[in-house]
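Heads up: the structure comes next, in structure tokens.
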Amino acid sequence: MKIEIRLFIWLAPFFVVVGVLYGVFSGWNEPVGYLGIPLVGGLMAMIGAYLALQARHIDPRPEDDEQGEIDQGAGDQGVYAPWSWWPLVVGAGSAVAFLGLAVGWWVFYISLILGVIGLIGWVFEFSRGQHAH
Numbered sequence: 001m002k003i004e005i006r007l008f009i010w011l012a013p014f015f016v017v018v019g020v021l022y023g024v025f026s027g028w029n030e031p032v033g034y035l036g037i038p039l040v041g042g043l044m045a046m047i048g049a050y051l052a053l054q055a056r057h058i059d060p061r062p063e064d065d066e067q068g069e070i071d072q073g074a075g076d077q078g079v080y081a082p083w084s085w086w087p088l089v090v091g092a093g094s095a096v097a098f099l100g101l102a103v104g105w106w107v108f109y110i111s112l113i114l115g116v117i118g119l120i121g122w123v124f125e126f127s128r129g130q131h132a133h
């Protein structure tokens, strides 16, 4: 996680400086810019701090080893279901949600129902039939 920690922690001061420069060049007339950009830096610092704390509790990954070889990362990386249709349902719910923001709130409410059904189906996909726990 060293790469991710460096990415987030090093970009945090960049966003703070850019936010201040934005405020200077815009004459401090637009509060969204000079407040929002440093807040992004704060969020980057929070994510970097969280990753740094979590890195203490887990073993180093093969990507973190300077002398690491490619075959150190071989093996199972997780459980994936290539036959699953539930991600498509969640994606359709997200697409309808963005449509609802443009068209009307009633479409957004329909997308919430579709998204919740897709998410529940995706989470409990392996909890039925042959794969039930």
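Sequence positions in the sequence shown follow the UniProt record's numbering and run 1 to 133.
Backbone N, C-alpha and C define an ideal beta-carbon position, used for all residues, glycine too.
- Taking a 10 Å sphere around the C-beta of Pro31, we find fewer than 16 other C-beta atoms and assign the residue as exposed.
- Shown here, Arg6 sits in a helix according to DSSP, grouped into three states.
- Remark: C-beta atoms of Val89 and Leu53 do not approach each other more closely than 8 Å.
- Ranking Asp64, Glu125 and Ala45 by CA distance to the CA of Pro82 puts Glu125 first.
- Using a 10 angstroms sphere on the CB of Ile37, the tally of other CB atoms reaches 16 or more, which defines it as buried.
- Just measuring C-alpha positions, the residue of Leu21, Phe15, Gly93 and Pro13 sitting nearest Ile120 is Gly93.
- A check of alpha carbon separations from Trp10 across Met1, Gly48, Ala102 and Asp64 identifies Gly48 as the nearest.
- Taken atom to atom, the span from the alpha-carbon of Arg61 to that of Gly19 is near 34 Å.
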